[in-house]
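A.B. asks: Using the working numbering, the first residue of the sequence shown is number -3, and each one after it goes up by one. Beta carbons: idealized from backbone N, C-alpha and C, even for Gly. Nothing here was measured: the structure is a model prediction, and the numbers come from that model. Below are the structure tokens for one structure; questions will follow.
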Amino acid sequence: HRAEYEQLGIDIDRACPRADTRYYPFGGLMFDLLGDLRTRTRWGASNTSFLERDSARRLRGYDDRPMLVDVKNPQTGTVEHTIRYDYRELVPLLRHRHEPGNPEVRKVLDRPRDVRMSIDVRLQVKVAEILHDQLQKAGKVNGAAVVIDVATGDLLASVSYPLPSQEPSSGTSETNPYLDRARYGLYPPGSTFKVVTAMAALRKDAGLTHKRYECIRLPDGRVGNNVHGSRRPVRDDVQDRSPHGSVDMEHGIIVSCNAFFAQLGAYDVGAKPLFDTANLLGILAAAPNTAAQLRKSLPQSSYGQGQVLATPFQMARVAATVANNGTFLQGRWITDETNTRTAAPVSVLGPEAAQTLARFMREAVTSGTGMRALEAAAPIAGKTGTAELAQAPSHAWFIGYAPYGATSRKIAFSVLVENGVYGGTTAAPAAAEIVNASIKLGLIRP
-3 HRAEYEQLGI
7 DIDRACPRAD
17 TRYYPFGGLM
27 FDLLGDLRTR
37 TRWGASNTSF
47 LERDSARRLR
57 GYDDRPMLVD
67 VKNPQTGTVE
77 HTIRYDYREL
87 VPLLRHRHEP
97 GNPEVRKVLD
107 RPRDVRMSID
117 VRLQVKVAEI
127 LHDQLQKAGK
137 VNGAAVVIDV
147 ATGDLLASVS
157 YPLPSQEPSS
167 GTSETNPYLD
177 RARYGLYPPG
187 STFKVVTAMA
197 ALRKDAGLTH
207 KRYECIRLPD
217 GRVGNNVHGS
227 RRPVRDDVQD
237 RSPHGSVDME
247 HGIIVSCNAF
257 FAQLGAYDVG
267 AKPLFDTANL
277 LGILAAAPNT
287 AAQLRKSLPQ
297 SSYGQGQVLA
307 TPFQMARVAA
317 TVANNGTFLQ
327 GRWITDETNT
337 RTAAPVSVLG
347 PEAAQTLARF
357 MREAVTSGTG
367 MRALEAAAPI
377 AGKTGTAELA
387 QAPSHAWFIG
397 YAPYGATSRK
407 IAFSVLVENG
417 VYGGTTAAPA
427 AAEIVNASIK
437 LGLIRP
């Protein structure tokens, strides 16, 4: 595969100079996905999914059944924790060491040891370049981008910045380079969560697409409205100079009106239906994660603030659910028989409702807050997000899918720029570039 590596900018002779040593040609770009068996950095962390760790039994060809046990130190008398391994599966190799053709020996040696990932490394490289460039333009350090196949839920690319070093960590960092932001970083999703609130409304009553609420000018000059259940007025973005007026769901998504979604969630959807919808999509709607707790901040949570938290991977699945005619897929990154992410598909929306919501998301790109996504060579349906933080600039989000309206293969994606302020100006251009890269790689059609 030398030629393929060279096309991806990897000098394989330099990256892997010796055949008897373990190497990772793509370095930190694949660390969150593979892990590092040499250093075992973050090996015990629960917010990781390292293939080399999680599929160790398959890759080795045997299960050593590690178990944490307490052992008394004979010299000091103290009890120490240690790991005990069980190598009984390898006994035939010792017992029949002079009989390489013995059936018991072959049973061990001939076990399949390959693991197939869904990641398209060509796209992984391009997404990393795009995200890096966008972070530099924005003057930011941290971000994440995820791309998944709509029909299968396969993870095609998953990038977190800053890229981690594959050297042992000697301390902590402000930027936390070992956090898998794409799959495990929890963030307020901001207005991208309005897609979830819209789903909850459509699940309850399809007629809620026509329900209207007012967005007015408040006494302090901002636009928004007073909503029961909120101690303070719900305000739209400071850049919204004029009230949106009488708003329905379509217009609410196009202009990303907080006042509309706060009222829709509080007065029509309700805490339990919104909680149930978020739960189906794997999203934490409150802390503790209960409908009763969600009710305490329902107006704010309905537009992605409050206590709502989601990962970029989860928000990409939201977009994929809309694209997949309302069917939610758990998503996977291992595609062979060792895959453990085998939950059955879940119908979150009916096809007609999903297509209606998709049309609203397309209009958000053609005439609303996501117009920078028009830079893509394929039509995108998407939603911007500007997730407000108490003492820092807002996080910038963009979720969506492409090509909108296509019957051929579609991809869904999520882009996050930490403290990037506006999703429409900071995250949406990166999403458009990701779509263009996918077209050039032949993954989707224009």
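1) Which runs of the beta strand (DSSP E) at least 3 residues long sit entirely within the stretch 28 to 103? Give them in chain order.
2) Thinking just about the alpha-carbon of each residue, which of 73, 182, 103, 406 is nearest to the one in residue 144?
3) Can you give me the start and stop residues for the alpha helix (DSSP H) that residue 273 sits inside?
4) Using only the alpha-carbon positions, how far apart do residue 399 and residue 411 sit?
5) Runs of 4 residues minimum, wholly inside the stretch 162 to 213: which ones carry the alpha helix (DSSP H) assignment?
6) With a threshold of 7 Å on Cβ separation, who are the neighbours of residue 267 within its own chain once the five nearest residues in sequence on each side are excluded?
7) Note down the Cα distance separating residue 229 from residue 414, rounded to an integer number of angstroms.
8) How would you label residue 164, buried or exposed, when you count the other beta carbons within 10 angstroms and need 16 or more for buried?
9) Count the other CB atoms within 10 Å of the CB of residue 178; is the residue buried (16 or more) or exposed (fewer)?
10) In whole angstroms, give me the CA-to-CA distance for residue 169 and residue 43.
11) Short check: CB of residue 297 to CB of residue 323, under 9 Å?
12) Do you know how far the Cα of residue 147 is from the Cα of residue 248?
13) In whole angstroms, what separates the C-alpha of residue 38 from that of residue 176?
14) Would you mind reading off the limits of the alpha helix (DSSP H) that contains residue 297?
15) Just curious, the alpha helix (DSSP H) that residue 378 is in, first and last residue?
16) With contact counted as at least three CB pairs below 8 Å, one residue from each stretch, are the stretch 350 to 366 and the stretch 312 to 321 in contact?
17) Looking only at its chain, what residues have a beta carbon closer than 7 Å to the beta carbon of residue 50, apart from the 5 residues adjacent to it on each side?
18) Whose CA, out of 187, 8, 26, lies closest to the CA of residue 158?
19) According to DSSP, is residue 109 part of a helix, a strand, or is it coil?
20) Could you pull out every residue in the same chain whose Cβ sits closer than 7 Å to the Cβ of residue 257, ignoring the five residues on either side in sequence?
21) Can you say whether residue 382 is buried or exposed, counting buried as having 16 or more other CB atoms within 10 angstroms of its CB?
22) So, with DSSP's three-state summary, where would you put residue 437?
23) Hey, is the stretch 64 to 72 in contact with the stretch 198 to 209, meaning 3+ C-beta pairs nearer than 8 Å?
24) Give the straight-line distance between the Cα atoms of residue 166 and residue 244, rounded to the nearest whole angstrom.
25) Kindly identify the DSSP beta-bridge partner or partners of residue 231.
26) I believe residue 65 touches residue 85 by the beta-carbon criterion, under 8 Å. Please report the beta-carbon distance rounded to the nearest angstrom.
27) What are the partner residues of residue 328, as DSSP defines its beta bridges?
28) Per DSSP, what kind of secondary structure is residue 225 in: helix, strand or coil?
29) Closest to residue 122 by CA distance: which of 440, 441, 210, 431 is it?
30) When the distance is taken between beta carbons, is residue 130 closer than 9 Å to residue 425?
31) Compare the Cα-Cα distances from residue 375 to each of 17, 392, 402, 356 and report the closest residue.
C.D. replies: In short, the structure shows the following:
1) 63 to 68, 75 to 80
2) 406
3) 267 to 276
4) 17 Å
5) 177 to 180, 190 to 200
6) 287, 290, 291, 294
7) 26 Å
8) Because the pLDDT of residue 164 is 45, which lies under 50, any placement of that residue in the model is unreliable, and the number read from its coordinates should be weighed accordingly. Label assigned to residue 164: exposed.
9) buried
10) Low confidence applies to residue 169: its pLDDT is 45, below 50, so where it sits in the model is not reliable, and the reading given next is rough at best. Their Cα atoms are separated by approximately 17 Å.
11) no
12) 28 Å
13) 11 Å
14) 294 to 297
15) Segment 377 to 383 is the beta strand (DSSP E) holding residue 378; no alpha helix (DSSP H) there.
16) yes
17) none
18) 26
19) coil
20) 190, 193, 248, 298, 299
21) buried
22) coil
23) no
24) Confidence at residue 166 is low in this model, with a pLDDT of 40, below 50, so its placement is unreliable and no value can be given for it.
25) 220
26) Contact doesn't hold; Cβ gap of about 19 Å is too wide.
27) 150
28) coil
29) 431
30) yes
31) 402
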